[in-house]
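In my numbering, the protein residues as written are 158 to 452. We put the CB at the ideal spot given by N, CA and C, even for glycine. All of these numbers come straight from a predicted model, not from anything done at the bench.
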């Protein structure tokens with residue numbers, strides 16, 4: 158089913174841009190907003206039209222003015238800014254984690270559709286895309302089953318993750334001050350601090366926060382191949398190691414603290430500091446992965 162997730166996410170990001178500009182400031186051009194929001198100019202026009210309808214922006218053409226304090230700064234719920242396919246992917250990864258899914262487990266499309274509250278076609282489309290990694294397989298008249306993976310498979314993939322994320326982290330540090338990603342990374346830092354305050358009770362919530370953090374870092378340097386690989390990267394590095402429940406709370410707490418140091422490095426905008434923090438965190442993730450696979 159087609160959704161307006163891209164528009165809604167862009168609209169929310171535009172509100173962040175406008176709040177930094179302040180009342181009376183001229184609205185950036187469509188081209189500038191297209192670059193800042195990382196969307197097409199068609200989407201930007203739709204965003205501006207909605208902002209104008211709500212009184213947040215007045216004027217026309219190059220004479221548009223921001224009135225953030227006067228207008229209705231209503232935001233779309235976060236759940237509506239994620240595409241249907243991304244929602245299925247997230248629910249599937251959570252299912253892998255929560256159900257402690259092991260190699261050989263049967264994957265029932267109809268049952269997953271009921272659990273996730275989506276159509277079976279959405280589940281089938283996701284599984285068809287996901288099978289290219291060789292971790293699930295479709296058997297004739299027997300549905301899908303989860304094959305699992307080997308240590309060598311995981312380590313080969315880790316090399317790809319390290320290469321792309323280091324590149325993205327350096328690109329993040331070089332973003333212009335007006336990029337909406339800065340507000341997003343600061344918000345994620347606050348979420349990390351809140352989780353740390355209640356880590357004893359909420360340590361399971363780290364998985365989702367971990368995924369959103371690394372996706373945000375990688376969004377600083379968009380690359381279609383990173384997007385393709387991120388499904389499997391998420392499964393292995395954000396979920397698989399948690400099958401080993403030993404010291405899970407302590408491991409998640411340590412990872413939260415590493416994320417905060419990583420975010421602080423990004424906020425420093427110092428490329429050398431960023432590279433050190435990125436490598437330190439990924440090396441820690443690699444060690445955790447190897448320990449979980451042998452434990």
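Three or more pairs of CB atoms, one per stretch, sit closer than 8 Å, so the segment 411 to 430 contacts the segment 361 to 373.
With respect to residue 187, residue 198 sits close: the two C-beta atoms are nearer than 7 Å. Residue pairing of residue 295 in beta bridges, as defined by DSSP: 301.
Remark: fewer than three beta-carbon pairs, one from each stretch, lie closer than 8 Å, so the segment 439 to 450 and the segment 336 to 348 are not flagged as touching.
Where residue 360 is concerned, there is no enclosing alpha helix (DSSP H), because DSSP gives it neither an H nor an E. According to DSSP, residue pairing for residue 280 in a beta bridge does not occur. Separation of the CB atoms of residue 326 and residue 275 is rounded to 33 Å, and the pair is thereby denied contact status at 8 Å. In this model, residue 378 and residue 338 are separated by some 11 Å (Cα to Cα). With respect to residue 223, residue 168 sits apart: the two C-beta atoms are not nearer than 7 Å. Distance from the CA atom of residue 250 to the CA atom of residue 314, rounded to whole angstroms, is 17 Å. In this structure, residue 172 and residue 232 form a Cβ contact; the two beta carbons are roughly 6 Å apart against a cut-off of 8 Å. Across the set 200, 213, 376 and 333, the C-alpha of 213 shows the shortest separation from the C-alpha of residue 179.
A direct Cα-Cα distance of roughly 11 Å separates residue 406 from residue 353.
For residue 223, the secondary structure class from DSSP, reduced to helix, strand or coil, is strand.
The residue from 174, 216 and 183 with its alpha-carbon nearest to that of residue 192 is 174. By alpha-carbon distance to residue 447, the top candidate from 184, 310 and 209 is 310. By a beta-carbon distance limit of 8 Å, residue 264 does not contact residue 290. Their separation comes to about 14 Å.
Between the alpha carbons of residue 319 and residue 216 lies a gap of roughly 47 Å. Around the beta carbon of residue 181, a 10 Å sphere encloses fewer than 16 other beta carbons of the protein chains shown; the residue is thus reported as exposed. Residue 338: member of the alpha helix (DSSP H) spanning 337 to 354, first to last residue.
A residue is called buried when at least 16 other Cβ atoms come within 10 angstroms of its Cβ; residue 295 does not meet this threshold and is exposed. Of all alpha-carbon atoms in 162, 344, 370 and 261, the one lying nearest the alpha-carbon of residue 234 is that of 162. Within the same chain, Cβ atoms closer than 6 Å to the Cβ of residue 190 are found at 201, the five residues on either side in sequence being excluded. If you ignore the 5 residues before and after residue 430, its C-beta comes within less than 6 Å of the C-beta of 422, all in its own chain and listed in chain order.
Of all alpha-carbon atoms in 300, 335 and 356, the one lying nearest the alpha-carbon of residue 404 is that of 356. In this structure, residue 266 lies near residue 280, with their beta-carbon atoms less than 7 Å apart.
In this structure, residue 269 and residue 432 do not form a Cβ contact; the two beta carbons are roughly 40 Å apart against a cut-off of 8 Å. For residue 172, the enclosing alpha helix (DSSP H) begins and ends at 162 to 178. DSSP places residue 199 in the helix class (H, G or I) of the three-state scheme. Measuring C-alpha to C-alpha distances from residue 343 to each of 434, 424, 219 and 184 identifies 424 as the nearest.
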